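**Q** Have a look at this one before I ask anything.
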Amino acid sequence: MAEIGSGVLFPDEPVSPRFASRAFEQLVGQIILDPSIAVSELVSNAHDAGATRVDIEWEGLVDQWFSIRDNGVGLTREEFAKRWVEVAYNRRQQQTDLADVVEGSGVTGRIAFGQNGVGRFAPFCFGDVYFVDSSKLGRRIRAQIRRLEGKDAPFVVEALTEEAADRGPSGVLIRFHVNQARGMTVAGLRRRLAERFLSRTGFLIRVNGEPVALGDVPEEHKESFSIPVPGGQSLQVVRIETDIWSKDTEFQGVAWHVNGKLVGPVSWDLPRHVPDEQKIDGRTKSGRRLVFIVKADHLRDSVRSDWSGFRETDDWKSASSAFFRSVYEATHEERMQARADARERSRAAAADASGLDEDSVYWTRWESTVRQIQEDCPSLKPEAVEKIGVILSKMERASTKYAFLDILAAMESGQMDRMVQLLQSYGSESVLAALEEVERRLAVIRSLEERIRDPKTLELQGVHPVMEDLLWAFGPEFEGFHYSSNESLNQIVKKQFGGEEMIKGGRNRPDILLAGRGEDQASLTVKHCEGPGADSRGAPAVRWVTILELKRPSKSISWKDMGQGKQYAVDLFMSKVCDFSATHFAVFVIGGSVDPGQEVSDQKANPIVTTYPMSYDDVLRMARSRMLKLHEVLRPLVG
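This note's numbering numbers the first residue of the sequence shown as 5 and each following residue consecutively.
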């Protein structure tokens, strides 16, 4: 066994983490829960491998084999070991943003879907085992992958073989036994694939030998129409709306087709010459479920030589402007209704949170403000709009009104991120409590500093109240500790130690006295319990007594002042009201300065009493040190 600094023992061999089933599901998300997403991911992988054709075979029944074959670039054994086995393999980082290219296929400049390295887990949606058969460069590899639960890894490659093969077509075949179809049918599968991949030209998908086509999309989910373009031309548009929302936006957007070929990526990117307000945000409800296939053969002369997009010709500008204007107008009513619904929910929540009268004129201003926010930030989700409305109503009730908005507007984005992280980690109540305590202590430091600089300040009225709030500067054991302030020794004996007898010098008044009992020397309250050293009568043992003797800030500490503070400790020790045999008495005599030649401490008169002459500047230094330099950090910011 090996011992580390904390004293905790660990085995000599490192302990490997275990990959729970829940952790794996969080990593891959809906891929292993939703069959349509699972198959779409497998087809996307084929697309990114440069395939022009994908063949799916499945008769639609449970307890049948499902196979998906592509004619992409395939995988070597080394590539399989790297890309397939590595959890969360980052395709775009390890390869490029472009799909692979199969020699002679004519497919170039295709934007890849994949980036998170989780699509290969899709077969686990249907069972715990699947098989991979890949050909590339005259070599063939075969593998069997099994899912594990409660093990050190989420899956294992149980078999991986490699052999020579005829240098035929490359590609990947994936097969698995469908143990659970999760509601998927052949018709439903064809529909999902049509909705997601028909915008990609040069990419044929066949299910049981029949190509996936526009006819697989239900009529209620598609619409065909024409958009006139200046110059007598027109755009032929197919609008496809899916009822399954994608986490990513690669499947949705605008697909420009010229002569049956896709130009550039499918996206919601807006041409520079189109007004920003006509943009459909891919994060919105519409953006996540719509795809537009735009046939624009008359733009052939505007296509870039590599088909990555269009050149900024007049034809392209007029066609794209006409299209986005039409789409913006067509979705305007839907957007306005969605925003109105969000405002209504927000107002109900805000009224409930603020308690403001429903007939108050405030709600007219509130409505106008929220509406403007929706216009300026069209990507705001309905939940966010609701929260904004609640915040505004609470600000209306707050005494500071909308001052918090000024603070937020002045913050940099990085500062906002740090503030959110703190609030998420500790909660608003804890953060406010910590800041208020810091503010209180810094205020005490400033107050003492101001008072000791005034030569007219007296110890009792000027310094004494501040020092009561500054006891924490003397050490952590004084945090919130019960103490006696400007009371006679007789009163202190009765209050702190439970004694009734009068003691010598009992009328003398030490400025501040603190005492600790039992073994809990750093207790926040005095514990009336017996401790080690209690005498036969059961009197509680006192571990320490601290006395603060305060002088005017204009006074220099002398031997006489030291003796006065020490005498308090001696009188208390001699009183025998408690067992002081193991007690340490510390006496701090504090003034504006210390006479030259004065010793730092004195133990000659009594070995149980230690006296410390200190200046108020020494106290300030201790206080700032205890604030972990926050005083120096915050003073330039808050003055």
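Heads up, the beta-carbon is just placed ideally off N, CA and C, and yes, glycines get one too. Quick caveat, the model's predicted, so the values are computed rather than measured.
(1) With distance defined between alpha-carbon atoms, name the residue in Lys398, Val593, Met631, Leu409 nearest to Leu439.
(2) In its own chain, which residues sit with a C-beta less than 7 Å from the C-beta of Gly466, not counting the 5 before and 5 after it?
(3) If you compare alpha carbons, which of Lys265, Gln568, Arg114, Leu475 is closest to Pro617?
(4) Inspect the beta-carbon positions of Val267 and Val307 and report whether they are closer than 8 Å.
(5) So, Leu474 versus Val448, is the Cβ gap smaller than 8 Å?
(6) For Lys555, name the three-state secondary structure that DSSP assigns.
(7) Can you check which of these residues, Val66, His51, Phe130, Arg628, is closest to Val648 by C-alpha distance?
(8) Can the beta-carbon of Pro127 be found closer than 8 Å to that of Ile209?
(9) Report the residue ranges of all alpha helix (DSSP H) runs contained in full by the stretch 23–95; include only those spanning at least 4 residues, in chain order.
(10) Helix, strand or coil for Ile612 per DSSP?
(11) Would Gly264 be called buried (16 or more neighbouring beta carbons within 10 Å of its own) or exposed?
(12) What's the call for Glu387, buried or exposed, on a 16-neighbour Cβ count within 10 Å?
(13) Considering only C-alpha positions, which residue in the set Gly313, Asp220, Glu553, Ser597 is nearest to Thr615?
(14) Ordered along the chain, which non-local residues of its own chain (more than five positions away) have a Cβ less than 8 Å from that of Ile392?
(15) For Arg195, report the span of its alpha helix (DSSP H) as first-last.
(16) Given 8 Å as the limit, is there contact between the stretch 141–161 and the stretch 169–189, that is, 3 or more CB pairs closer than that?
(17) Are the CB atoms of Asp104 and Gly76 within a distance shorter than 8 Å?
(18) Which whole-angstrom value is the C-beta distance of Ile297 and Ala259, which I expect to be below 8 Å?
(19) Let's see if you can read the secondary structure: which residues bound the beta strand (DSSP E) around Phe623?
(20) Measuring straight from C-alpha to C-alpha, what distance separates Ala543 and Gly595?
(21) Counting only the same chain and skipping the five closest in sequence on each side, list residues whose C-beta sits under 7 Å from that of Thr647.
(22) DSSP on Val241, reduced to helix/strand/coil?
(23) With DSSP collapsed to three states, give me the class of His261.
(24) Under a Cβ-count criterion, where at least 16 other Cβ atoms within 10 Å of its own Cβ denotes burial, should Gly236 be classed as buried or exposed?
(25) Helix, strand or coil: which one does DSSP assign to Leu102?
(26) Is His261 buried or exposed, if buried means 16 or more other CB atoms sit within 10 Å of its CB?
(27) Just verifying my parser: in three-state terms, what is the DSSP assignment at Pro459?
(28) State the DSSP-derived secondary structure class of Asp2, mapped to helix, strand or coil.
(29) With a threshold of 16 other CB atoms inside 10 Å of the CB of Ile411, please say whether the residue is buried or exposed.
(30) Rounded C-beta distance between Val133 and Arg150? I'm assuming under 8 Å.
(31) Measure the Cβ-Cβ separation of Ser40 and Arg196 and say whether it is below 8 Å.
(32) How far does the alpha helix (DSSP H) with Arg401 in it extend, from its first residue to its last?
(33) Could you have a look at Leu426 and say whether DSSP puts it in helix, strand or coil?
(34) With DSSP collapsed to three states, give me the class of Ala300.
(35) For a test of the three-state rule: what should DSSP assign to Ser597, helix, strand or coil?
(36) Label Lys86 either buried or exposed according to how many other C-beta atoms from any shown protein chain fall within 10 Å of its C-beta, with 16 as the threshold for buried.
**A** Walking through what the data contain:
(1) Met631
(2) Arg455
(3) Gln568
(4) yes
(5) yes
(6) coil
(7) The structure shown does not extend to residue 648, since the chain spans only 5 to 643, so no value can be given for it.
(8) no
(9) 25–32, 39–52
(10) coil
(11) exposed
(12) exposed
(13) Glu553
(14) Ser350, Val374, Ile377, Leu384
(15) 190–201
(16) yes
(17) yes
(18) 5 Å
(19) The identity of residue 623 in the sequence shown is Val, whereas the question assumes Phe. No beta strand (DSSP E) contains Val623, which is instead part of the alpha helix (DSSP H) from 620–630.
(20) Only weak support exists for where Ala543 lies, its pLDDT of 49 falling under 50; the value from the coordinates is given anyway. Between Ala543 and Gly595, the C-alpha separation is close to 36 Å.
(21) Lying before the first or after the last residue shown, residue 647 is absent from the chain, which here runs from 5 to 643.
(22) strand
(23) strand
(24) exposed
(25) strand
(26) buried
(27) coil
(28) Nothing in the structure corresponds to residue 2, since the chain is present only between 5 and 643.
(29) exposed
(30) 5 Å
(31) yes
(32) 386–401
(33) helix
(34) coil
(35) strand
(36) exposed
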